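**Student:** What follows is a single structure, and I will ask about it in a moment.
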Amino acid sequence: MLKRYNRNEPFRYEFGKPIRCEVLVMNEPERVYDAEVINMSPKGVQLYINKNVLESDRVKAIKIKVQLNSNLLLLAGEIVWRKNYLKGLLYGVSLEKGDTEQIIIEELKKYSKSEGK
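The UniProt record's numbering puts the first residue of the sequence shown at 1, with every later residue one more than the last.
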């Protein structure tokens with residue numbers, strides 16, 4: 001059972017159109033799934049996957065491979081919540097602490113500027 005989780009962050013970018021990405025299940029290199037990033041912040045990501053491929057309590061640690069601007073980001077994190085949505089599931093992912101926070105901020109700023117053009 002996953003605990004209630006609320007990601008209160010002042011800087012969270014909501015994508016108008018979800019961004020395609022790949023989800024890699026840690027410790028199981030053969031498992032890669034297509035997903036979409038709904039929103040992103042320096043500390044977390046909300047993903048949509050159109051089916052329940054990440055079994056409820058078995059999969060926790062994942063990596064997300066997402067292309068923002070011209071840079072490919074590989075983000076490691078842990079699933080902290082799941083929610084049924086449409087024909088699939090939304091997943092809340094808390095990103096590992098490290099040097100990726102500043103990279104995410106810079107990439108989101110560039111993305112936001114390029115979308116405004």
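Here a beta-carbon is modelled for each residue, glycine too, at the ideal position from N, C-alpha and C. A quick note: this is a predicted structure, and the numbers were derived from the prediction, not measured.
Three-state secondary structure (DSSP) at L108?
**Tutor:** Looking at L108 - three-state DSSP - the assignment turns out to be helix.
**Student:** Could you check the C-alpha separation between I19 and P29 for me, to the nearest Å?
**Tutor:** Rounded to the nearest angstrom, the two C-alpha atoms are 23 Å apart.
**Student:** Are V45 and L90 close, meaning C-beta to C-beta below 8 Å?
**Tutor:** Contact flag unset, no.
**Student:** State the Cα-Cα distance for the pair V25 and S41, rounded to the nearest angstrom.
**Tutor:** Using only the alpha carbons, I get a separation of about 21 Å.
**Student:** Thinking just about the alpha-carbon of each residue, which of D99, E115, R82 and S114 is nearest to the one in N50?
**Tutor:** With distances taken between Cα atoms, N50 lies closest to R82.
**Student:** Excluding five sequence neighbours on each side, which residues of the same chain lie with their C-beta closer than 6 Å to the C-beta of I105?
**Tutor:** Closer than 6 Å at the Cβ level, and outside the excluded window around I105, lie P42.
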